[in-house]
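K.L.:
Letter by letter, the sequence shown follows residues 1 to 169 of full-length UniProt numbering. We treat Cβ as the ideally placed atom computed from N, Cα and C, and that holds for glycine.
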Amino acid sequence: PPDAFCQAAIQVAFHKMSGGRSAATYEACSTRGFLHGRTETIRSCSTAMRELAQAMRDPSATPEARHASLLRAMEGHREYASLCTKGQGFDRHLLGLKKLVGEGEAMPAIFRDPTYDRTRTWELSTSTLSSEHFESWGFGEVCEAGFGIGYTVNSKDTTYTVVCRSDRG
1 PPDAFCQAAI QVAFHKMSGG RSAATYEACS TRGFLHGRTE TIRSCSTAMR ELAQAMRDPS
61 ATPEARHASL LRAMEGHREY ASLCTKGQGF DRHLLGLKKL VGEGEAMPAI FRDPTYDRTR
121 TWELSTSTLS SEHFESWGFG EVCEAGFGIG YTVNSKDTTY TVVCRSDRG
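1) Only counting the same chain, and skipping five residues up and downstream in sequence, which positions put a Cβ closer than 6 Å to that of Asp91?
2) With 16 as the cutoff for other CB atoms within 10 Å, does Thr115 come out buried or exposed?
3) Here's the rule: buried if 16 or more other CB atoms are within 10 angstroms of the residue's CB, otherwise exposed. What is His15?
4) Could you spell out the range, first to last residue, of the alpha helix (DSSP H) harbouring Gly37?
5) Tell me the rounded alpha-carbon separation between Leu129 and Phe5.
6) Just grab the DSSP bridge partners of Glu27 for me.
7) Roughly how many angstroms separate the alpha carbons of Ala24 and Leu35, rounded to a whole number?
8) Are the Cβ atoms of Ala55 and Ala61 separated by less than 8 Å?
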């Protein structure tokens with residue numbers, strides 16, 4: 001499954017580049033199977049992805065342990081992506097609830113909590129467009145300190161295009 005592997009590579013690379021930090025990661029997921037379906041958010045940075053990144057940077061980790069960690073991270077990603085495709089993600093649900101707050105009504109505590117905003121600041125915004133007709137493509141970052149990462153998987157290679165502000169890269 002190329003997408004799960006590509007997302008794992010992004011998490012490992014960011015973990016290494018940032019000195020061991022993880023970042024809120026957005027991956028677009030189509031919900032076109034639903035009437036007026038648009039997108040849902042696949043949150044690619046999971047506990048399993050963090051554990052994979054740590055294992056890949058741990059000089060004492062065996063190849064077998066790293067491989068097992070990769071398989072766990074990819075399986076978790078596939079499972080969550082499948083749920084999102086079926087409309088069972090939570091980001092758009094929360095967005096809908098927030099939009100239902102009427103003028104003059106008190107904003108519920110969850111939407112005023114700084115953690116809510118922090119989890120929606122996509123330091124890594126990612127998306128795939130796999131086609132034999134594209135060699136590469138990309139898009140800009142969605143927050144000042146972030147990265148836009150477009151990737152293409154085809155029969156011959158995988159290409160990543162990483163975009164960020166000049167003071168970040």
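P.N.:
In terms of the structure at hand:
1) Thr41
2) exposed
3) buried
4) Careful: Gly37 lies outside any alpha helix (DSSP H) and carries neither H nor E.
5) 15 Å
6) Ile42 and Thr126
7) 29 Å
8) yes
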